[in-house]
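Residue numbers (this note's numbering): 21 to 539.
Positions of the beta carbon are idealized from the N, C-alpha and C atoms, including for glycine.
Worksheet: the structure to be examined is printed underneath.
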């Protein structure tokens, strides 16, 4: 990270020096001439000027001022320019597919131009007038490079397979990019997952998170320990700068206080990794859900016989513990209207279809009936203890019978009451659905669950508090919704329906959740 810090500051210095060579001074005057601002034009989005003045950086609406100076942009022939940098997993297929769909729905034509192996651009034109509307520049590498480009003022949007780290947050503040941890500075574009894979002829079918951590740290080195052949385990991972690889360390190794082993075979792309594991009879890799290839995915298991499979529905609900949200990060500056319109489109229903077709998991909520949740209720029956446990189980079954569970679920960061990244996105998603009247005339029930650590009564109380907190967050976010058009309730059933074993920290985290049920 020290290398990133040095590189970022060096890039910032070079950018500042370069700007002094080409930046032009302009003067903005109000229509009545009463107000005048002079300074260096930093940007123009087709509607607002961004100008550096002696008062600091200001944003000024072009409709209220005139612009004088050789640096003044054309208000008529403005061409939006946006640079997007970061994860190749996001940028190679998904973002181009979304951009092309956005253009098609808005009457624009697109033309893609390859620049080199990691750079390409899209031109968008009005279909009828052929007028050039905008250029989208892509720098497709990895998450680390995306944040470095943003810090160097060489990118407007970052594509990331992990959340921004504290060192990057601090650098962004120092570079004047604002607080990138704020709600409007990032969004979840789609969902992916980290899936352990082996060759198709490997007899091992399941692996626990604990054993995965041991494999990655070099403590488990023979397949015999997993019920396989007496053969050495070879590990395949993405390159160290990949967001997928970094997310793996964050989710599996750090909670166990372990470090990645030396000598692991690294791969530049997800496809290279999947192919290598498919050819290696004694190999294991952690792959992207969207690119498993011909390799065999392993089921996540636990000591209590619960199993979790990476599937579209389990990734949406975060019941599968190794979900990997795909992020877009935005600096605290106004993007051109064309870019803002595109970002709005990425949250639309048509965009969710594009995301599914690209092989990723969309965020469109699905309503799952009780009869398709047999394994979950079987788990609940298995762990029910004594009269009180059976009473809670009966109450839960009676309450939820005839309802459907939405795949919009809410989970919390490790050791915190703060919602995790995917869940914070789900708050906004559900709030927008309420504003659109999607559930008018229906009943939504926020249902809180807990892990099984500690007294059942305390767990039940904590689960209820979490359910009420999530409900409140959604209602606050749904600013324009008429909440009188539907019924909203909260319930809590504590430890009654576990999704994973409670003997590990990740299992307890999976079990602490708030679900949304619909009637």
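task: Could you tell me the boundaries of the alpha helix (DSSP H) in which residue 475 lies?
output: Where residue 475 is concerned, there is no enclosing alpha helix (DSSP H), given that its DSSP letter is neither H nor E.
task: Return the residue from the list 489, 137, 116 and 169 that minimises the CA-CA distance to residue 143.
output: Selected option, being the one with the closest Cα: 116.
query: If you follow the beta strand (DSSP E) that residue 346 is part of, which residue opens it and which one closes it?
result: Where residue 346 is concerned, the enclosing beta strand (DSSP E) stretches over 343-349.
message: When you compare the CB positions of residue 315 and residue 217, do they come within less than 8 Å of one another, or not?
response: Inclusion of residue 315 and residue 217 in the CB contact set at 8 Å is warranted, their separation being smaller than that value.
message: Please classify residue 90 as buried or exposed, where buried requires at least 16 other C-beta atoms within 10 Å of its C-beta.
response: Looking at its Cβ environment, which holds fewer than 16 other Cβ atoms inside 10 Å, residue 90 is exposed.
message: By alpha-carbon positions, which one of 341, 453, 356 and 162 ends up nearest to residue 369?
response: Looking only at 341, 453, 356 and 162, the smallest Cα-Cα distance to residue 369 is reached by 453.
field: Any alpha helix (DSSP H) of 4 or more consecutive residues that is wholly inside the segment 403-478
entry: For the segment 403-478, the continuous alpha helix (DSSP H) assignments of 4+ residues that do not extend past its boundaries occur at 406-420 and 441-455, in sequence order.
message: Checking 8 Å against the spacing of the C-beta atoms, do residue 111 and residue 178 come in under that value?
response: Contact: no.
query: Looking only at DSSP bridge pairs, what is residue 180 linked to?
result: For residue 180, which the question treats as bridged, DSSP gives the partners 347.
- request: Leaving aside the five residues before and after residue 259 along the sequence, list all residues of the same chain whose C-beta is less than 8 Å from its C-beta, in chain order.
  value: Correct list, in chain order: 162, 265, 286, 287 and 288.
- prompt: Going by the CB atoms, is the gap between residue 531 and residue 471 shorter than 8 Å?
  reply: Between residue 471 and residue 531, the gap from beta carbon to beta carbon is short of 8 Å.
message: Can you tell me whether residue 158 is helix, strand or coil according to DSSP?
response: In this structure, residue 158 counts as strand in the three-state DSSP scheme.
- prompt: For the candidate residues 338, 414, 495 and 459, whose alpha-carbon lies nearest to that of residue 212?
  reply: Ranking the options by Cα distance to residue 212, first place goes to 338.
query: Where residue 425 and residue 474 are concerned, what is the direct C-alpha to C-alpha distance, given to the nearest angstrom?
result: The alpha-carbon of residue 425 is positioned some 27 Å away from that of residue 474.
query: What did DSSP end up calling residue 544 once you bin it into helix, strand or coil?
result: Beyond the ends of the chain as shown, which are 21 and 539, falls residue 544; an answer cannot be given.
- prompt: Would you report the Cα separation of residue 363 and residue 400, rounded to the nearest angstrom?
  reply: In a straight line, the C-alpha of residue 363 is about 41 Å away from that of residue 400.
field: Identity of the residues DSSP links to residue 58 by a beta bridge
entry: Looking at the DSSP output, residue 58 bridges to 47.
message: Measuring straight from C-alpha to C-alpha, what distance separates residue 270 and residue 250?
response: Whole-angstrom Cα-Cα distance: 30 Å.
message: Can you check which of these residues, 423, 379 and 441, is closest to residue 431 by C-alpha distance?
response: The shortest C-alpha to C-alpha distance from residue 431 to any of 423, 379 and 441 is the one to 441.
- prompt: In or out: residue 535 buried (at least 16 other Cβ within 10 Å) or exposed?
  reply: Buried, because 16 or more other Cβ atoms sit within 10 Å of the Cβ of residue 535.
query: Which residues share a DSSP beta bridge with residue 72?
result: Residue 72 is bridged to 60 and 77.
Residue 80 versus residue 70: straight-line alpha-carbon distance, rounded: For residue 80 and residue 70, the distance between alpha carbons rounds to 7 Å.
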